[in-house]
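As structure tokens, the structure follows; a few thoughts come after it.
What follows is the structure, given as structure tokens:
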């Protein structure tokens, strides 16, 4: 019986691995709510790894409605509306031509 408890506790403490989708993230949120635990900060990183801005927005709404996302408001530009990789590269090059 103690082994079962240890297995369940381990499963509840794990966060969603990168590369998984919205369904996996919402299942993890459900596990956190049902176990009475607070949201680990790493969950927002998992949310940012979702491939689509629509899925990221759904996850933010799900977190807020589940009661896990409390406190100060999130900056949606940092969590939901992420720049495309090409746009992020332009920030570093500043649009200036290279000296080659």
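Residue numbers (our numbering): 25 to 124. A virtual CB, placed ideally from N, CA and C, is assigned to each residue, including glycine. Since this is a predicted model, take the numbers as computed values, not measurements.
Open item on the list: Using 8 Å as the threshold, is the C-beta distance between residue 83 and residue 105 below it?
Closed with: Taking the chain shown and counting its residues from 1, the one referred to as residue 83 is at position 59. Taking the chain shown and counting its residues from 1, the one referred to as residue 105 is at position 81. No, these two residues do not count as a Cβ contact at 8 Å.
Task: With 16 other Cβ atoms within 10 Å as the buried cut-off, status of residue 58 - done: Numbered from 1 along the chain shown, position 34 holds the residue referred to as residue 58. The residue is exposed, with fewer than 16 neighbouring Cβ atoms inside 10 Å.
Task: Burial state of residue 80 (16 or more Cβ within 10 Å) - done: On the chain shown, position 56 is the one that residue 80 refers to. With 16 or more other Cβ atoms within 10 Å, it is buried.
Open item on the list: According to DSSP, is residue 63 part of a helix, a strand, or is it coil?
Closed with: Within the chain shown, numbered from 1, the residue matching residue 63 stands at position 39. It is coil, neither helix nor strand.
Task: First through last residue of the alpha helix (DSSP H) which encompasses residue 82 - done: Against the chain shown, residue 82 aligns to sequence position 58. First-last of the alpha helix (DSSP H) with residue 82: 77-90.
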